[in-house]
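Residue numbers (my numbering): 370 to 825. Glycine residues also receive a C-beta, built at the ideal position from the N, C-alpha and C atoms.
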Amino acid sequence: MKVFIHHIQKIALERPILFLVIIGLFSRILIAITYSNQVSIFNDSQSYVPLAEQLGAFSLDGYNGLRTPGYPFLLMLTGINFSIVVIIQMLLGILSSIFLYKTSLKLIYHIPLALFNGLSLSFFLHILFYERAILTESLTLFSLVVCLWYIVHINFFRQKQKGTITYVQSGVLGILIAIIFLIRPMFIVLTPLVIFCFLINYRHLRYTAIISRTLLLCIPAIMSYQGWSLLNFQNTGYKSVTAFSGINLAQSCVSFVDKASDTHADLRDLYVHKRDSVIAADGDVSMTVWRVYETLKAKENITVSELSQRFDPMTRELIKNNPSDYLQQVGVSWVGFWKESILWNHDKFNYKIPKNILTGTWLYIQMPILYMINVIFLIISLLLITAHIRKRIFHFDFYFFCMVLIVGSSLGQALVIYGNNGRFSIPFLPFIILIISHYLYKKRIFKKITPVNNKI
């Protein structure tokens, strides 16, 4: 047994990429076998198909504006074959672990530490089961990992005092940010954050260099945002990056919608009635808005974009007149962001024993670990912010950048949506783990782990 373990350790340290691939394949094949190679389909899954079909037909005329084109483009490339999509997502998961390993190694040249980070994406069950679902999480995670790897790769936060990122590097980074936005619109926050970091860290440059690179960083995302919003306006009459925008914000008003004025009496009363019926049935209150949609669709054949437009003036009024109620709901949504969730078709397992083992592993081992990880991350975030303020540090490093991105995104999503908030945290998990592990390593918590100087 000792010989076997020693052999495994030798492979891991001497050929870490191969080790990540082997473990990644093993864990995903094991999940596929225990899950009977099923593809998980949920309520959101089918909403990506119409756009995938229209992309395949090279026509966006009349599109309903529900989704941005990033994930539907992947579906289109596979011929909307969900089984192929799952295989691709599994491969992207393995690639994500490799890019995460390289990111960690670039920041701190320590192979065991980098392997620990890379292996995290082959360990947690919710990550592996999202790869088996027709949802955006896996593609979003991969895109974010690649983008942040590239930021580290080009030494964005470590340029010499008189150096800078090149025009090509600026353009590539801008395109990567735009791609993430087109997959998951919430990542529009990446653009202003990256530009802010650039302006702070590269303020020594000439104005022409600052302006040119700033434009290269922001134009792809701005064009993507404006272009898709205008396309939606042309097709639906609702200028927004997604037709869900108004409905999402209405979800955040569900707890105090009864305070809406009589100007919106019809919509208010319907919403209140549906909310109260959901509460009475012990249902998910956050999804009440879809009961409203179902009723109005049956009655008026209303579209999602039309309902968003109808909700907009009422929700703006509610938030303006009831800021404390709104902030209380934002707090609930923010806490929900840190509550890890798993999506699987639990009743479709064909074998009882692996089903019980996986369920027990998730509920009694991995969920407590993830909760502890999130608490530790928030404590470290508070320490980093306090240190920056106390020491008057006016520049960003990669860790502080990631911390601001994660905490800022947790607040951003809480401001605009209530419901399934835990799904928004999935792409950030690898960097939450990276920040914690590197912080503890630098504090010599892992002082018994000695650096390995092998070259990769």
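Bounding residues of the alpha helix (DSSP H) (the contiguous stretch that carries residue i)
i           : result
residue 741 : 736-759
residue 502 : Neither: residue 502 is in no alpha helix (DSSP H) and is coded neither H nor E.
residue 807 : 798-811
residue 459 : 451-476
residue 659 : 657-669
residue 597 : 576-605
residue 688 : 673-690
residue 559 : 559-570
residue 480 : 480-488
Length of the line joining the Cα atoms of residue i and residue j
i           : j           : result
residue 479 : residue 788 : 39 angstroms
residue 396 : residue 588 : 40 angstroms
residue 648 : residue 656 : 11 angstroms
residue 613 : residue 512 : 23 angstroms
residue 410 : residue 503 : 6 angstroms
residue 819 : residue 482 : Its pLDDT being 49, under 50, residue 819 is placed unreliably by the model, and nothing is read from it.
residue 723 : residue 405 : 11 angstroms
residue 770 : residue 517 : 10 angstroms
residue 463 : residue 457 : 10 angstroms
residue 802 : residue 590 : 28 angstroms
residue 580 : residue 813 : 41 angstroms
residue 428 : residue 607 : 19 angstroms
residue 634 : residue 628 : 10 angstroms
residue 492 : residue 392 : 9 angstroms
residue 436 : residue 551 : 9 angstroms
residue 555 : residue 781 : 8 angstroms
residue 549 : residue 775 : 15 angstroms
residue 466 : residue 494 : 15 angstroms
residue 639 : residue 685 : 18 angstroms
residue 738 : residue 423 : 42 angstroms
residue 599 : residue 434 : 10 angstroms
residue 368 : residue 379 : Residue 368 is absent from the model: the chain starts at 370 and stops at 825.
residue 663 : residue 671 : 9 angstroms
residue 720 : residue 747 : 39 angstroms
residue 725 : residue 400 : 13 angstroms
residue 390 : residue 654 : 42 angstroms
residue 823 : residue 383 : Caution applies to residue 823, whose pLDDT of 41 falls short of 50 and renders its modelled position unreliable; the model cannot decide the point.
residue 452 : residue 459 : 11 angstroms
residue 729 : residue 669 : 46 angstroms
Reduced DSSP category for residue i - H, G, I as helix; E, B as strand; rest coil
i           : result
residue 629 : coil
residue 547 : helix
residue 621 : coil
residue 612 : coil
residue 710 : coil
residue 405 : coil
residue 431 : coil
residue 652 : coil
residue 786 : coil
residue 553 : coil
residue 792 : helix
residue 413 : coil
residue 825 : Residue confidence is low: residue 825 scores 35 on pLDDT, short of 50, so the model does not pin down where it sits. No coordinate-derived value is stated.
residue 447 : coil
residue 637 : helix
residue 728 : helix
residue 421 : helix
residue 380 : helix
residue 436 : coil
residue 775 : helix
residue 387 : helix
residue 720 : coil
residue 762 : coil
residue 398 : helix
residue 715 : helix
residue 814 : coil
residue 496 : helix
residue 819 : The pLDDT assigned to residue 819 is 49, lower than 50, so where the model puts this residue is not dependable; a value taken from the coordinates is nonetheless given after this. Note: residue 819 maps to coil in three-state DSSP.
residue 392 : helix
residue 374 : helix
residue 642 : helix
Whole-angstrom C-beta distance between residue j and residue i, which should lie under 8 angstroms
i           : j           : result
residue 536 : residue 795 : Rounded, the Cβ-Cβ distance is 34 angstroms, inconsistent with contact.
residue 540 : residue 585 : 5 angstroms
residue 533 : residue 576 : Residue 533 to residue 576, Cβ: 13 angstroms. No contact.
residue 681 : residue 625 : Not quite, the Cβ-Cβ distance comes to about 17 angstroms (not below 8 angstroms), so this is no contact.
residue 601 : residue 786 : Actually they are not in contact, since the Cβ atoms of residue 601 and residue 786 sit about 18 angstroms apart, beyond 8 angstroms.
residue 418 : residue 449 : 6 angstroms
residue 709 : residue 736 : 6 angstroms
residue 727 : residue 403 : 6 angstroms
residue 783 : residue 658 : 17 angstroms between Cβ atoms; not a contact.
- Message: To test your reading of the DSSP string, which unbroken alpha helix (DSSP H) runs of 4 or more residues are found completely within the segment 506-531?
- Response: 506-522
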